[in-house]
Each structure stands twice: as C-alpha cells, then as structure tokens.
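Asker: Sharing a structure, written as structure tokens. Questions coming.
Residue numbers (the working numbering): 4 to 147.
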C-alpha cells in the first residue's frame with residue numbers, strides 16, 4: 004500500500020520558529036504611545052488575509068491564549084506588543100495587518116523557509132513610505 008497524502012505530516016502542524024515580533028509605538032521624542040487615547044490597547048487588532056480557507060493559526064495553542072494574534076506587555080521600563088505573524092503555508096510572503104486604531108494600519112510581510120517538519124522565519128519587511136523596508140532591529144520601534 005502506498006503512502007497517502009493523508010498520512011504525511013501537514014505543514015500547518017510543523018514546528019514554527021520566530022513567528023512573532025515585538026513592537027513599540029513611540030512619538031518623535033521617544034514617549035511610548037501604547038495605551039494612550041490615540042492608541043488604546045483595546046482598539047489594536049492584528050488580522051491576516053490569506054488564500055487559506057482557514058488560517059493555520061486557528062489550531063495553535065499560542066493563538067488560543069491570544070485569540071487576536073497579539074499579546075500586550077506592560078513592564079516598568081517598557082510597554083510593547085508581541086504580534087504573532089501570519090505563517091500561511093499557501094502564501095510565499097504571508098502578510099500581517101496591524102490595525103493600531105480605525106485609521107492607522109501597518110503591514111508586515113514575512114518570508115519563511117518551509118519544509119515538512121518546520122517553518123522558520125527568514126526575513127521581515129514593513130510597508131513604509133510606499134515601499135517595503137526590511138526589519139532588522141528588534142524590538143521594532145515605530146514612530147507615530
């Protein structure tokens with residue numbers, strides 16, 4: 004009997020490494036803006052738009068703990084969000100859309116190295132000034 008596709012391990016159950024990014028929002032003079040009137044914590048949403056019928060994250064225990072694909076961290080010296088990135092197996096460059104409020108949205112594009120046992124984040128870009136800029140610093144600090 005041959006091996007059926009049903010018996011092979013699907014990519015969406017592979018180990019995913021590096022599927023989140025920490026992001027700080029600051030103004031031009033370095034004051035943290037998360038939780039302010041313009042960027043209230045309860046108003047921040049992370050969305051994926053994918054060709055998959057069901058987002059692969061729906062099966063992840065991380066997402067069950069953080070159903071909006073985001074975790075808010077409020078420490079003494081810093082306040083930031085951990086954004087769980089889209090890692091859709093059907094897309095070459097899965098996109099993650101961060102809705103900071105009703106009018107301010109940032110788009111992050113990811114490139115993953117995928118095989119049957121793992122998905123590893125290789126590169127990230129953010130759409131700024133009408134072009135893609137590679138994200139090299141962590142945490143990512145966005146000036147608003």
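All C-beta atoms in this analysis are idealised placements derived from N, C-alpha and C, irrespective of residue type, glycine included.
As a quick exercise: from 133, 129, 105, 99, pick the residue whose alpha carbon is nearest that of residue 47.
Answerer: 105
Asker: Check the DSSP bridge columns for residue 20 and list the partner residues they point to.
Answerer: 123
Asker: Tell me, please, which residues DSSP counts as bridged to residue 128.
Answerer: 112, 137
Asker: Determine which residues share a DSSP beta bridge with residue 145 and list them.
Answerer: 28
Asker: Nearest-angstrom Cα distance between residue 43 and residue 77?
Answerer: 13 Å
Asker: Mind the definition here: the segment 82–101 touches the segment 23–39 only if three or more C-beta pairs lie below 8 Å; say whether that holds.
Answerer: The segment 82–101, when compared against the segment 23–39, does touch it at the 8 Å Cβ threshold.
Asker: Return helix, strand or coil for residue 34, following the three-state DSSP convention.
Answerer: Residue state, collapsed to three classes: coil.
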